[in-house]
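For reference, the structure discussed in these notes is given below.
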Amino acid sequence: MSSVPTNHALILAAALFVLGALGVMTRRNLVFVLMSVEIMLNAAAVAFVAAAAKWRQPDGQVIVIFILVVAAAEVAVGLSLLLRIYHNWKSVDVDEVSLMRG
Amino acid sequence: MSILLWLVTILPFLGALLLALLSGTLPKKAAGALGCASVGASWVLAMVVAGSFLQHGPSGVLNTTLYPWMNVGGLRVTMGLHLDALSVVMMVVISFVAFLIHLYASQSMYDEDDYNRFFCYMNLFVGSMLTLVLADNLLLLYLGWEGVGLCSYLLIGFWYRDRKNGCAAQKAFIVTRIGDAAMAVGLFLIFTQLGTLDIQSVLAAAPKVWPVAGAAVTTVALLLLGGAIGKSAQVPLQTWLPDAMAGPTPVSALIHAATMVTAGVYLIARMHVIFTMAPAAQLVVAIIGAVTLFYSGFSALVQRDIKRVLAYSTISQIGYMFLALGVGAWSGAIFHFMTHAFFKALLFLSAGVVIDALHREHDLFKMGGLRRRLPVAFWTFLVGAASLSALPLVTAGFYSKDAILWASWSSRLGGGWFWLVGTLGALLTAAYSFRALFLAFCGTQKTEIAKLAGGLMNLALVVLAFFSVVAGFVGMPEVLGRFDPFGHFMSSVFPRVPLAADRSSQGAEGKLLLISAVLSLLGIYLAYLYFKERRWSEAVAQSAPGRAVHRFFFAGWGFDQLYDWLFVRPFKAVAFGNRSDFIDKFFAGLGEAARYANIGLSATQTGRLRNYAAGIVLGAIVVGAIALLR
């Protein structure tokens, strides 16, 4: 069974992470911000899988399960926040939610 | 016995404390009784202590320490009292006169709103004054010294709603502070050079450490003299006392006549060893005394305000005491302090009766004809004025003033000039005191009487009048018999007057006595002429030179004007020039910088989620870069 080289997997993870981070920084729609955060979490998961494959340890794959759980919880909290924000502002634009401006 | 001595000083403080704590709840009668009782008890105990001291004679000197006050480095100061002949006299006279004045005030001040506050301050004053005269070290003495200054300030400004009174209080406080600063420096010098502040140790160590007439001892003596001048209102720091008459009359009687203003005399007498070792400083003392008594005699002659007449007269009589100190007649100065305390308190209190009777009228020219309406005030004022004028043979003032005049002639440190000034001063004294008497009590009545004196007030007046007559008989001059128990009593503390051989014969003493007696009678006669021939004296006063001289003397020889030009105006100009305060600018600048930093930093708090996320990413990149490139 030919394996994917670790480098390739890591490059994929890095690309995903950068895409996610850019999404968080540039997207104004809160739904897309949450999705970008998911992408960053998945990038970390890919990096863990690659590491687990390289050192032939199961730990990395266990961490992926953890990441899935954290992501599910995060989405639950994030979406309920999104609903509350929409309820108050009638919008899902994160730039409009700036009550904490100093 | 030492417990009783402590109680003498502590009881008035206790009274002040109680009055302060209970001020809201205590009814007036109780407050007056408490105020009088604390001082009265203090007087009774003082008499007991004095009686036991007299029994023991010179061996009765009592040193008692309550507890060590501070012990820092080489500085060891105790809360200690020292009782010797000098402090016995001071203690008894102060507590006795204070008690009588408290009795008087409990009635005369009864209509005041702040009756309790008045007695609180008065008790505090008596406690501080007794601490001053009984202290066994200079630091405790200084504590009492500042305490009486504080009470003087509080009581001059007692009627604080009138701005003028507040200004007078501040003037008194600031002017005496100049002297006190000099005195404090003197104490520092004594401590650094002698290593102790205990008075008896200082007096014992001074001759061993300092050469006679050396620079060090002269400097210390002059600095102490500075404190004495400020407190005792001598030229050139005398300007505060006439203005201090803004306070209630009992205050003027107690603080600004009988006791506090003589603290300077006490200080110099107490440190007499140092002054004896510095002849130059002692000469300055005598000169200041002579100048002051002459200066204020003339000023008293033309005042319209009855209390200002008495204030200038107080300055002048303390001038006599300084003259006595300056020529080495230490016990003469204390003798005059004693008689002066009686007759000047008496004069102020009977003047207070007159002022109260005439709706707080102070102007002599609006009084007159009160002889029949206020007989007690008239007779007691007459006794006081006679004693102040040194009416021969029958008054206390005659004996004490004559002792000073004789010493100023016969002492090695004195001389003809001092005697001449003192004798002319006696003429002035008789003239101004009887001028006030005639103007206030004789002639026609000009103002209706509003209020008569109460029983306690008359009692205080009569007792003081009695002592204004008999207090002099304990110090007879030699030509009138050798009865001088006061001088003998004081000889355990003070050396005798250093006599000049060629000027101290008994015949000379008799002649000088006669001259001063004649001059005092002449002064009374002049005052009588002035009053009898009003038209003639008015004509003199209204002529151009008469008016100019009058204005000059009335303003106290223009000292206030001079100080205004020399100190007050330049100070105000400097304050005005620096009204934006350049030192303050630095601290204001610190505040401004913090404010701008705050504005800049709070701009980073945009409240936008995306900016924070960008910040986190940037931070992560920086941290990662540092970790990788290190």
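Just so you know, the sequences run in chain order A and B. Here our numbering is used: the first residue of the first sequence is 4, the next is one more, and so on. Here our numbering is used: the first residue of the second sequence is 1358, the next is one more, and so on. Built from N, CA and C at the ideal position, the CB exists for glycine as well.
Local conformation of B:Gly1437 per DSSP, three classes: strand
B:Val1666 beta carbon less than 8 Å from that of B:Gln1674: no
A:Ser94, DSSP secondary structure in three states: coil
C-alpha gap between A:Met4 and A:Ala53, whole angstroms: Because the pLDDT of A:Met4 is 47, which lies under 50, any placement of that residue in the model is unreliable, and the number read from its coordinates should be weighed accordingly. Distance between the alpha carbons of A:Met4 and A:Ala53: 16 Å.
Chain B within 8 Å of A:Arg87, Cβ atoms only: no
Distance, A:Phe51 Cα to A:Thr9 Cα: 11 Å
Integer-rounded CB distance, given that B:Ala1610 should sit under 8 Å from B:Ala1702: 5 Å
For B:Ser1416, the nearest candidate out of B:Ala1690, B:Met1404, B:Met1436 and B:Leu1440 (CA to CA): B:Leu1440
Where B:Asn1420 falls: helix, strand or coil (DSSP): strand
Residues near B:Asp2036 in its chain [Cβ-Cβ closer than 6 Å; skip 5 each side]: A question about residue 2036 of chain B goes unanswered here, because the residues of chain B that appear run from 1358 up to 1987.
Burial state of B:Trp1922, where buried means 16 or more other Cβ atoms lie within 10 Å: exposed
Exposure label - B:Trp1776; buried when at least 16 CB within 10 Å: buried
Beta-carbon proximity check, B:Gly1389 vs B:Leu1376, cutoff 8 Å: no
Every unbroken alpha helix (DSSP H) within the segment 1850-1892 of chain B, with a cutoff of 4 residues, ordered by chain: 1863-1889
Assumed close pair B:Ser1334, B:Val1396 - CB separation to whole angstroms, cut-off 8 Å: Since the first residue of chain B shown is 1358 and the last is 1987, residue 1334 of chain B is not available in this structure.
Between the CA atoms of B:Leu1507 and B:Gly1536 - distance to the nearest angstrom: 14 Å
Identified DSSP bridge partners for B:Leu1432: B:Val1429
Chain B within 8 Å of A:Leu102, Cβ atoms only: yes
C-beta neighbour in chain B for A:Val67, strict 8 Å: no
Partner residues on chain B for A:Val97, Cβ-Cβ distance less than 9 Å: Arg1965, Leu1966 and Arg1967
Sub-8 Å separation of B:Ala1753 and B:Val1454 beta-carbons: no
Under the three-state DSSP convention, the category B:Ser1768 falls into: strand
CB contact flag (B:Ala1747, B:Phe1755, <8 Å): yes
Cβ neighbours of B:Val1334 in the same chain (closer than 7 Å, five flanking residues each side left out): There is no way to answer for residue 1334 of chain B, as the model of chain B reaches only from 1358 to 1987.
Check whether B:Gly1771 and B:Ala1760 have beta carbons under 8 Å apart: no
Identified DSSP bridge partners for B:Asn1522: B:Asn1522 is not bridged to any residue.
Unbroken alpha helix (DSSP H) run spanning B:Pro1636, endpoints: Pro1636 to Val1659
Contact with chain B by A:Met28, beta-carbon distance below 8 Å: yes
Collapsed DSSP secondary structure at A:Asn32 in the structure displayed: strand
CA-to-CA distance, B:Phe1933 to B:Ala1960, given in whole angstroms: 41 Å
Test: A:Ala24 CB closer than 8 Å to a CB of chain B: yes
Test: B:Gln1527 CB closer than 8 Å to a CB of chain A: no
Per-residue DSSP class, three states only, for B:Asn1935: coil
B:Ala1905 burial status per 10 Å Cβ neighbour count (16 or more: buried): exposed
Status (buried if at least 16 other CB within 10 Å, exposed otherwise) for A:Asp96: exposed
Distance between B:Thr1737 and B:Leu1379 (C-alpha atoms, nearest Å): 36 Å
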